[in-house]
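Data first, discussion second: the structure below is written as structure tokens.
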Amino acid sequence: MDEAMKLLSDMVSVGLKPDTVTYSTLINGYCKISRMENALSLFRQMVCNGVSPNIITYNIVLQGLFQTGQTRAAKEIYVRIIKRGIQLEISTCNIVLQGLCKNNLTGEALQMFQNLCLMDVKLETRTFNIMIGSLLRSGRKDESKDLFAALSANGLAPDVVTYTLMIENLIEDGLLEESDNLFLSMEKNGCVPNSRMLNCIVRKLLQKGEIGRAGVYLSKIDKNDFSLEASTAELLILLVSSGKYNQHMKGLPEKWVARVLVNSAKPAGTGHKEVVLPSHVATFSQILGKEGMHGLL
């Protein structure tokens with residue numbers, strides 16, 4: 001950033017006037033490395049030099065302030081945008097909502113969301129996702145369900161992120177049939193699960209000890225030619241090595257468990273994390289059957 005600022009100084013010294021894009025780019029650089037004092041100083045310099053910030057500039061500053069926990073300053077910037085009559089874009093609203101939620105101000109975010117519903121702002125599914133996720137994390141599950149139902153009333157459809165949030169919550173609450181039904185409803189509505197969603201569901205089910213149900217979603221990962229995420233594989237290794245669920249392991253697709261065992265047993269330096277498994281795991285091939293293990297190694 002020091003070199004970038006020197007370049008700015010050189011530009012000015014030869015009579016070149018930096019524009020909104022130039023300032024926004026430099027401010028963004030400071031925000032990305034959490035040097036908000038420098039970012040705000042440059043923002044003020046920009047205004048003093050008669051260069052008007054645009055909505056992109058404001059978005060950059062808002063994001064930087066929220067990421068560094070400066071919620072009061074961020075809210076002041078947001079109020080300034082409104083008072084100056086700058087056209088409010090949904091991208092700005094999403095940044096503010098997410099910033100409030102990440103700083104544990106879900107109540108304020110919900111109030112803002114309700115105000116947006118009364119304004120001439122076209123909401124997005126992402127806007128709902130931000131609020132649904134925050135409400136779920138805050139334990140306000142009934143309100144999250146209301147927002148999920150309100151999507152269609154606003155001419156929107158839940159996406160894979162929305163369904164992931166809702167399904168994970170149902171699993172966490174032990175409402176397994178409801179979670180399965182919601183997944184089926186999602187597919188029926190034409191929303192296709194992605195790798196991240198399926199891995200999230202598998203992890204949540206494994207954490208709850210629902211090995212058989214996890215196997216169903218592992219099969220979907222296989223069917224879609226997706227990969228296991230590292231955290232999913234690590235959880236499988238943990239469950240296998242504990243020996244706690246050996247009697248349930250037949251509910252898992254053999255190829256995934258076999259691969260997890262093989263990768264966990266590879267020595268360091270082969271591109272896989274070295275994991276020392278207890279001796280009882282060696283008997284796992286008996287659970288899968290010798291034929292299931294061989295041919296996959």
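First residue of the sequence shown: 1, per UniProt numbering; consecutive thereafter. Just so you know, even glycine gets a beta-carbon here, dropped at the ideal spot from N, CA and C.
Annotated three-state conformation of residue 226 is coil, per DSSP. In this structure, residue 163 lies away from residue 131, with their beta-carbon atoms at least 7 Å apart. Counting along the chain, no alpha helix (DSSP H) covers residue 124, and no H or E run does either. Inter-residue distance for residue 78 and residue 85 is about 11 Å (C-alpha atoms, whole angstroms).
Contiguous alpha helix (DSSP H) elements confined to the segment 188 to 224 occur at 195 to 207 and 211 to 223, taking only those with 4 or more residues. The three-state reading of DSSP puts residue 232 in helix, counting H, G and I together.
Taken in chain order, the segment 42 to 110 contains no complete beta strand (DSSP E) segment of 3 residues or longer.
Non-local beta-carbon contacts of residue 203 in its own chain, meaning distances under 7 Å to residues more than five positions away in sequence, involve 231, 232 and 235 in chain order. If you ignore the 5 residues before and after residue 154, its C-beta comes within less than 7 Å of the C-beta of 123, all in its own chain and listed in chain order.
Residue 138 sits in coil when the DSSP states are folded into three classes, being neither helix nor strand. By the beta-carbon neighbour count (other beta carbons within 10 angstroms, threshold 16), residue 117 is exposed.
Take residue 66, set aside five residues on each side of it, and the residues of its chain with a beta-carbon closer than 6 Å to its own are 74 and 99, in chain order. Residue 131 carries a helical assignment under DSSP once its states are collapsed to helix, strand and coil. Counting only runs of 4+ residues, the alpha helix (DSSP H) found wholly inside the UniProt repeat "PPR" (159 to 193) occupies 160 to 172 and 176 to 188, in chain order. Residue 210 holds the alpha-carbon nearest to the alpha-carbon of residue 175 among 210, 148 and 149. Distance from the Cα of residue 20 is smallest, within the candidate group 30, 40 and 53, for 53.
The C-beta distance from residue 144 to residue 156 rounds to 15 Å, too long to meet the 8 Å contact threshold. Here residue 238 is exposed. Its C-beta has fewer than 16 other C-beta atoms within 10 Å. The Cβ-Cβ distance between residue 160 and residue 191 falls below 7 Å.
Rounded to whole angstroms, the separation of the alpha carbons of residue 38 and residue 29 is 10 Å. Between the alpha carbons of residue 92 and residue 152 lies a distance of about 23 Å.
Here the alpha carbons of residue 44 and residue 81 stand approximately 15 Å from one another.
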